[in-house]
Every structure is written in structure tokens, then in C-alpha cells.
Amino acid sequence: MTIHNSEIAAAFDRLADLLEIEEANPFRVRAYRNAARTVGGYSRSMADMVDKGEDLTELPEIGKDLAQKITTMVKTGKLPLLKEVESRTPGALSDLMKIEGLGPKRVKTLYKQLHIRSIEDLKRAARNGKIRELEGFGEKTEELIKQRLERFSGAEQRTKLLVAQEIATALVDYLTKGKGVKNVIIAGSYRRCKETVGDLDILLTARQDSTVMKRFVDYDEVAEVISRGKTRSTVRLRSGMHVDVRVVPDVSYGAALHYFTGSKAHNIAVRTLGVKKGYKINEYGVFKNDKRIAGKTEQEVYDTVDLPYIEPELRENRGEIEAAKNHKLPRLITLKQIRGDLHAHTKASDGHHSLKQMADAAAQLGYEYLAITEHSQHVTIANGLDKRRLLQHIKAVDKLNEQLENITLLKSIEVDIMDDGSLDLPDSVLQKLDLIVCSIHYNFNLPRQKQTERILRAMDNPNFNILGHPSGRLINERDAYDVDLEKVMQGAKERGCFLELNAHPDRLDLTDDGCLLAKQLGLKVAIATDAHSTSDLEFMRFGIGQARRGWLEADDVINTRPWDELKQLLKRN
DNA sequence: GCCGTTTTCGGCCCGACTGTTTTCAGTCG
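Start counting the first sequence at 920; every next residue gets the next number (this note's numbering).
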């Protein structure tokens, strides 16, 4: 039983919560939270690294002690210190801290005064009006806790980027029309292109006399005003999304944008660099002895700490500061550099539009090529193609290509990888295609080793080019199947195959960590939309966002190349 | 508990808003 990074991170977070309730050294608490973030967001599995005897103290925020604790967790599945702390302080108190408005101090008071040790206990106490009687609490606080308990589900709900975008653009449009409003920009994890966002951070600059804050809380999608001030307000929308709006003066725009874009870890790192140079960096600017020396643009902020501009997608404190110092920042791929899409369906299987419609839409985006990758016969639910229909399909593509002027359709297929690692169509017909995407659509639950071997065996077939949606996960819906991604990547590299970064906003598969890992291993990826309609082709931008988060450059991505170059690249050894 | 082109000890980012208070603690981002 291998322990996942997320489980190690969860244990450290829980430990941090409990230590905070016990009023331990706040910096020690933070060390555990930092470690949780490092481990939870790391591209390689701690279990693998321990197995290989690698030095975990090389990781940021991991010292001797934490390296030891991680090793223990990998070997035994347990964190003895957590057990010890839980013997004094009930572990479920950590769950209480997930309720908005409850932090360590209040949870401690609830526990000590009312013996509340679980969500159920808290619900009962709130119902019975016990909470308002506590010192530091009151009627209003009790009422808020009650309301938030009703909505509390336990799991943190994050919104997929596409949905967030729909909500955000409507709100931005509304705010932009406010009196005296100058700039409106969405910052936070949205700007960093995270695959899901927790809440929306909207930054705006406005004239002194602007009434935009009132306009914001009056927005007809607002379900609850959580806080309202002159420079900052927070609401919950009917969709459940929380939105923060902050207003700053023009001279602070860059500093504020930098601060509200985050990530928190990146901000702390930059501010610490500032402190070392005798500066104070906050959302209003960079200050030396209370005198503002920078802050109108983000570039100015980075200038003060002697760093080049760092793109938002890189700001996770995963090495971008060091890379910036050493002038080793990647030149991140952009949407414009993409020359074609390598994964799309038409009516022939489960898509909504015809070959011609898809070709026209792709040409409209300025693409030079589009691979038509219908499902294969095994995926009956998607009307997958058998040998006969695939041959017809090849003819249809050839015929249409004769008419098309600005774009070439690539003859292709998304062929299923069977349980035994064979492909769902005979080699004799696969050989006739320009490019082959191979995917898993059934039997997600194989044990790790079997799943890994299944994919590697499939790659042994010389027709295999690209592994489609490599982990099979659906964001917020279905976990990735258990597979040794590093082995798969190494296998792909050795055989001259590639992995897809599926750009569909429900998938975004590879993850950003997956992209980083591929880059480290020297494996190139294909960014492709898995479009089932003409408008889906525009999902490419989400894939680009994810790729940028994974430090990918144009050279790391195969479909930045013209078709004749790409064709050479696809040739197996 | 981590970290070090000032340090192996002594630092560790910074400000807004709320509710409960009469000046501030707690929470959040």
C-alpha cells in the first residue's frame, strides 16, 4: 500500500491545525503547513523518492526533521507525532477549523468551555443557544456559525476554471460599468490559471468618488454579503462562489495585483527578499522608510528585489524565484505558438459537428492542421469506429483535404487501449493513419503495476503515438487511475511516444505537476482539446494555461511545429 | 520547524474587516 503525497500533506495540515489550537510556536505550525504545501504539490511521489533513497531535505521547506517524518510515513503509513497530539487534543477539532469564521482560538474556546469536539457537537450547541454565552462570541457569531454549518459539506469545493470564467466575466462586465471605475482585473488563482479556483479575487482601480463597492454588493447574483468595507468586500454568490473585491489607488495597482495574484507562498518569498533589502512590500507598494519607491506595475515590484518579471502561472514558490535569480526562467508557451489541434471528434463518433465544420472552425483559429480522432469500436457508447468505418473515414478525410485550402485534416483515431495492452483496431488499418492517439476508457481500477504495464505494452505497438488523457481523471468527479506516471513517461520517451495534455476544462490531464515531470524527463507533450464541437476547439487556452503552470516552452510541445516537422517527430525509432 | 552573499541562533509577510469590545482579538487572504 503506497501512501500518496496528498495523504502526507493532509496529515501535516491536520497536525498544524491541532498544534495551532494548542497554541504551539506559530512558526512551527507554519513549518508544517509549508511542508504540507510542498509535499501536496510536488511532481514526484514521496514514496518513490524514499524508495530510491533520495535526499528529501533538497525539497523546499523540508529539513531534517520533516524528511524523517515523511520517511516514517512512507514506511509505516503513520505519523507518530500526530497520534501523540491527538491523544491530548481531539483530531476532529481540525474539521471544525474548516468552518468559515472558526480559527484555532475559537475552536479551543468551544472545546474547553462547551466540550465541543465534532461538527455534530457544534450543531447541537448552536441550536441550544450555548455559543452566544461564551466570552468573545455573541448572538451574531452564533447565527453565522449556524448558517455556515448548514452549508458545510466537509470537502472544500473548488470551481472548475471554465465555470469560474463564466461567472467572473459576467461580474467583471457589470463592475466595469460602475461609476468612476478604471481597471477591473481578476487576480488570484484564476489569473495563475489553476485548474480549479476556490474563490474569485477581483482587483479594481477607481476614482475617489466611485460607488463601485455598493454596486458590487448590490449585484443581483449576491446571496450573502460576508464583509463590506471601503477597500475590500466579500460576498457569496448564489452559485456558492465567494468573491472578494478590492479597490486600490492607481499608484498601487502593480503592487496590489502582485499581492492579490499570489500565490501566498510566492508573495511571502518575494516580501522576504524585500525585507532583506530593507524594504517593506505590501499591497500598496514597496516602501523604504515609509516612502513609496515602487508599485505602479508588477515589473516595478520585481525590480526592487532584483528579479525579472515572473509570469503569474509560475508563482507557486516551486523554484521560480531561484530560476529568476539565475536568469533561468522558462519562456512559457503561448496560445499563438500552437499550430494545430491533435484530438477532435465529429459526428462520425460522438461529436456534434461534421468534418467540414470542424475543419472550418480550426482554420478560423489559424491552425495549419487538425487531427480527427474518432473513438474506436470498443467505445460503443460513443459510436466508436470499426475497421470498415475507419476505412470510410480515411476516404472522407482524403476527399475533404482536396477541397480545403488553409488547413490539413490529419487522418487519425483515438484508439482504445484494451485490458491486455493491445489496441482496439488491427495494425493493418492503423498503419494507414497520420497519427494515433491511444486512450484508456475502461477498467480504471486495475492495480498500479498492472495499469502501468498495460500502457507500456500498448506503447510497444509501433503505431502508438500519443497517450490520450494520461490519468483518466475528471476534475471534481473522478480520480485518476492508479498508474506510475514516471514509468509511463520514461517508457514513452524510450519508445518515441508522447503524452497528451488534454486541454478540456473537465480534464486538464496532465496536471501541472505532470507537465513539470515530463519536462524534467525530457519528454515532449501534445496539447489537444478533445473537442466534441466546433466551440470546444477554444479550450486550447485552458491547456496552454496548464502547460504554462507546468513550465512548458514551445519546444516542449509537439504541436507548435508545422506538420512536416511534426510528421518526422512522430516517426518511431 | 526551516533557514542563512550579514546569521548555525534568532529571525520568520502584512493589512482589512467583523464582532465584541470600549481599544482589540480573531480570522482571513
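Ideal Cβ placement from N, Cα and C applies to all residues, glycine included. This one's a predicted model, so the numbers in the text were calculated from it and none came from an experiment.
Nearest residue (CA-CA) to residue i, options the options
i	options	result
Lys1263	Ala935, His1297, Thr1088, Ala1422	The question names Lys, yet the displayed sequence has Ala at residue 1263. The shortest C-alpha separation from Ala1263 is found at Ala1422.
Gln1076	Arg1126, Asp932, Glu1019	Glu1019
Val1131	Arg1250, Gly1117, Glu1143, Arg1147	Arg1147
Phe1417	His1451, Val1402, Asp1475, Met1459	Asp1475
Leu1284	Glu942, Arg1460, Val1082	Arg1460
Gly1055	Cys1112, Arg1070, Gln1032	Gln1032
Ala1125	Val1167, Ala1044, Tyr1400	Val1167
Glu1140	Ala1301, Val958, Glu1085	Glu1085
Arg1070	Asp1401, Asp1269, Met1160, Gln1296	Met1160
Ile1105	Asn1236, Thr1088, Asp1343	Thr1088
Arg963	Met1277, Leu1080, Ile922	Ile922
Ala966	Gln1370, Asn924, Leu985	Asn924
Glu1219	Glu939, Gly1204, His1297, Val969	Gly1204
Arg1491	Leu938, Arg1414, Gly982	Arg1414
Gly1270	Leu1248, Glu1293, Ile1257	Glu1293
Gly1214	Val1164, Ala1175, Ile1229	Ala1175
Glu926	Ala1315, Leu1251, Met992	Met992
Ile1257	Ile1446, Gln1276, Ile1332, Glu1039	Ile1446
Val1224	Ile1291, Asp1209, Lys1199	Lys1199
Leu1435	Glu1232, Asn1047, Lys1255, Ile1212	Glu1232
Ala1450	Gly1462, Arg1392, Tyr1172, Lys1443	Gly1462
Gly1193	Thr1150, Asp1425, Val1154, Ile1240	Ile1240
Val1103	Asp1169, Arg1111, Arg1157	Asp1169
Tyr906	Ala1188, Arg1237, Asn1208, Pro1249	For residue 906 there is no data in the structure shown, the boundaries of the chain being 920 and 1492.
Gly1048	His1034, Lys1065, Ile1385	Lys1065
Ile1145	Asp1432, Thr1078, Lys1113, Glu1062	Glu1062
Gly1499	Lys1412, Gln1322, Arg1426	Outside the modelled stretch of the chain, which goes from 920 to 1492, sits residue 1499, for which no answer is possible.
Thr957	Glu980, Thr1150, Asp970, Asn944	Glu980
DSSP three-state assignment for residue i, whether helix, strand or coil
i	result
Ser1108	helix
Leu998	coil
Glu980	coil
Asn1380	coil
Lys1351	coil
Leu1226	coil
Val993	helix
Arg1151	strand
Lys988	helix
Asn1208	coil
Asp1338	coil
Leu1156	strand
Ala943	coil
Asn1186	helix
Thr1327	strand
Lys1369	helix
Lys1406	helix
Contact test: residue i Cβ vs the ligand NAD heavy atom, cutoff 7 Å
i	result
Ile1394	Of the ligands one can find in the structure shown there are none, so the ligand NAD has no counterpart to examine.
C-beta atoms of residue i and residue j nearer than 8 Å
i	j	result
Asp1353	Lys1330	yes
Leu1053	Thr1028	yes
Trp1482	Glu1217	no
Tyr1181	Arg1234	The sequence shown places Gly at residue 1181, not Tyr. Taking 8 Å as the Cβ cut-off, Gly1181 and Arg1234 qualify as a contacting pair.
Asp1335	Ser1358	yes
Gly1010	Arg947	no
Tyr1178	Glu1202	yes
Ala1278	Ile1326	yes
Gly1387	Val1407	no
Gly1097	Ser1129	yes
Thr1448	Asp1260	yes
Gln917	Asp1305	With the chain covering 920 to 1492 only, the question about residue 917 has no answer from this structure.
Leu1274	Ala1281	no
Ser1452	His1185	no
Val1162	Leu1123	no
Ile1252	Glu1457	no
Arg1373	Asp1428	no
Trp1470	Lys1443	no
Arg1051	Glu1058	yes
Lys1079	Asp1425	yes
Gln1465	Asp1432	no
Integer-rounded CB distance, given that residue j should sit under 8 Å from residue i
i	j	result
Asp1403	Arg1376	Their Cβ separation, rounded to whole angstroms, is 14 Å, which puts Asp1403 and Arg1376 out of contact at 8 Å.
Leu998	Lys988	6 Å
Leu1309	Leu1344	6 Å
Ala1083	Val1116	5 Å
Tyr951	Ala935	4 Å
**Study point:** Runs of beta strand (DSSP E) wholly within the region 1230 to 1304 (minimum 3 residues, chain order)
**Key:** Counting whole runs of 3 or more residues, the region 1230 to 1304 contains the beta strand (DSSP E) stretches 1288 to 1294.
Check your understanding: Which parts of the region 1019 to 1049 are runs of the alpha helix (DSSP H), unbroken and 4 residues or longer, counting only runs that do not cross its ends?
Key -> Whole alpha helix (DSSP H) segments, 4+ residues: 1023 to 1033, 1038 to 1046.
Review point. If you scan the region 1413 to 1479 from start to end, which runs of the alpha helix (DSSP H) of 4 or more residues do you find wholly inside it?
Key: Assignment of alpha helix (DSSP H) within the region 1413 to 1479, counting only whole runs of 4 or more residues, yields 1431 to 1440, 1459 to 1468 in chain order.
Point to revise | Ranges of the alpha helix (DSSP H) found wholly within the region 1070 to 1139, counting only runs of at least 4 | key: 1080 to 1095, 1107 to 1110, 1131 to 1136
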